[in-house]
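Chains as they are written, first to last, in the working numbering: chain B, 4 to 386; chain S, 3 to 232.
The C-beta atom is built at its ideal place from N, Cα and C for all residues, glycine as well.
Right, one structure below, let's go through it.
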């Protein structure tokens, strides 16, 4: 387990954060700028010391103010990928990579130099100096350098925040590959929810120095606290499912969500058996009190209303269970009254297939590296 | 325009004094620069002022103080002579000490600027990669300070070549022992018919100064390019 419980006051800002997360997978620390995400990873790395707190990762206590234990950053074996990469400018890429590796003697190796160079495609960069690298290349080198120090946990502080969209794509696939290849706990700081959707298995939401929601991505995606941060337009349930039929003729893939729910997605690039993550945006969901007929919509999901919560003066937030998976719908109060929606009532949720397609995130399209124990990390395996 | 043997001797002596002076100052200047930039202790401002004293005091005063402290009967000079047989007054070593003291603030200032420019974030990164304090200093901080260390050393070397007041006060003007170029120039001016010699030494000093400036600029550019700052 990762166990963090820290308190720090700095002028006007107070951080009082407590979260627990499974070791396997990627924990996303998500929140707006200034909510204390970076402060929190600095506390975990030891670069900052809290006034009181306890940090435990994988059975090792890195900090416990109650017993006076506080490991120095250099003794914590915490890999840190900084937003600005922080490559050593007087050293070549290869020397940067070796910096941590040389200081990791006596530690169990999670990855070797040659494999890292291959995995992150660093071979053409090895002789270059950091200042001649692009932003995406710098982050890849920073990632390799942190991992070659053979850390027990990897902290990533908005590694993509200073990159434009195209450069992000130069780094994200490598992060996904690493997640699948390494059995290493990762703590990923981000204020971009699309990155969280692609990488995270566990989500901790921070607001003004406090944890306002935490849990699996699926659970937290249903929390109003998250909606408040990502905004109503980007809020929606995140479901994980498995393709059980991909039909080339209809162009539709059928995906099992929950125990009996079924979503239809566009099939391109999907094979039966593939696991994936789908975000159903709350504003894209239409509720109906009867089975629809004569509509183009491909997803008419039969279920029942779990709860209704008013939002503001005229809106309402409905939580709907479809075969064991829950989705959120944003409706007007007027619609709720007309359809006589109530908790426990029967309902059909309509979602256009095309509006789902853009929110599909494959969980395991990349095969783990050969000759190593396959470590596939997903919320499914954690149960 | 050929130099006489005495002038060549003065040239050689100047280089020997300046080189010793720079080598002597380097470790102390690095330490003081580090204390002034990174230190959080009472008396930091007092230390800062003390280091800068030679810049604001008349060189003759510095020479006089050195004579009082490091002369054969001075509290430090007496002890050095009794314990180690080291004599500083009226020797080449004493000339090196005098020029080191005079050029010390210049060296510290250059190093300080470069240390202030070192990104603490890089040292933090080294920490998370397992580097302890000395390790970080040797592998990250010191190499990144290198432009300032080089600039400081070159400036101090040039200033040492030209130091006059403190040297002549502390170690006098002894040909072959303490007579560096500016002292030789001074003697030539004082000597009837020494005009040609004075002109030669002045020309030599000018050439050395220009050469030093060019060298330091070239070094600084090279280092900046290596660090990718150019």
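Across the set S:108, S:87, S:45, the C-alpha of S:108 shows the shortest separation from the C-alpha of residue 23 of chain S. Among the residues of chain S, none has a CB under 9 Å from the CB of residue 7 of chain B; the nearest is roughly 17 Å distant. Residue pairing by DSSP puts residue 302 of chain B in a beta bridge opposite B:354. With a beta-carbon spacing of about 6 Å, residue 241 of chain B and residue 280 of chain B fall inside the 8 Å limit used to define contacts. Within the stretch 89 to 102 of chain B, those residues whose Cβ lies closer than 9 Å to any Cβ of chain S are, in chain order, 89, 90, 91, 92, 93, 94, 102. Proximity of chain B to residue 124 of chain S at the Cβ level (cut-off 7 Å) is accounted for by 89, 91, in chain order. Here the alpha carbons of residue 283 of chain B and residue 332 of chain B stand approximately 9 Å from one another. Pairwise C-beta distances place the stretch 266 to 273 of chain B in contact with the stretch 244 to 255 of chain B, as three or more of them are shorter than 8 Å. Residue contact with chain B for residue 146 of chain S: present (Cβ-Cβ distance below 8 Å to some residue of chain B). With contacts defined by Cβ atoms closer than 8 Å, residue 62 of chain S and residue 167 of chain S form a contacting pair. Ranked by how close their Cα comes to the Cα of residue 30 of chain B, the residues B:291, B:209, B:320 have B:209 in first place. Using a Cβ-Cβ cut-off of 8 Å, residue 152 of chain B is close to 130, 131, 132 of chain S, given in chain order. By the neighbour-count criterion, in which a residue is buried when 16 or more other Cβ atoms sit within 10 angstroms of its Cβ, residue 89 of chain B is buried. Interface criterion not met: the Cβ of residue 42 of chain S is under 8 Å from no Cβ in chain B. With respect to the 8 Å criterion, residue 131 of chain S and residue 75 of chain B are not classified as neighbours on the basis of their beta carbons. Taking residue 136 of chain B as the centre and dropping the five residues before and after it, the same chain places the C-beta of 90, 96, 128, 144 closer than 8 Å to its C-beta, in chain order. In this structure, residue 196 of chain B sits away from residue 169 of chain B, with a CB-CB distance that is not shorter than 8 Å. In the DSSP annotation of this structure, the continuous segment of the alpha helix (DSSP H) that includes residue 159 of chain S starts and ends at 144 to 164. By the rule that beta-carbons nearer than 8 Å mark a contact, residue 77 of chain B touches chain S.
Leaving aside the five residues that flank residue 159 of chain S on each side, the residues in its chain whose CB is nearer than 6 Å to its CB run, in chain order, 20, 24. Against residue 151 of chain S, chain B offers no close residue; the least beta-carbon distance is about 13 Å (beta-carbon pairs closer than 8 Å). Not a single C-beta of chain B is nearer than 8 Å to the C-beta of residue 10 of chain S.
Here DSSP, grouped into helix, strand and coil, assigns residue 133 of chain B to helix. At a cut-off of 8 Å, the C-beta of residue 136 of chain S has no neighbouring C-beta in chain B.
Contact annotation: the stretch 103 to 122 of chain S does not touch the stretch 174 to 188 of chain S, with fewer than three C-beta pairs closer than 8 Å. Around the beta carbon of residue 191 of chain S, a 10 Å sphere encloses fewer than 16 other beta carbons of the protein chains shown; the residue is thus reported as exposed. When 7 Å is used as the limit between beta carbons, residue 142 of chain S is near these residues of chain B: 91, in chain order. Remark: fewer than three beta-carbon pairs, one from each stretch, lie closer than 8 Å, so the stretch 161 to 179 of chain B and the stretch 101 to 111 of chain B are not flagged as touching.
Two segments are said to touch when three or more pairs of C-beta atoms, one from each, lie closer than 8 Å; by this definition the stretch 96 to 106 of chain S does not touch the stretch 63 to 81 of chain B.
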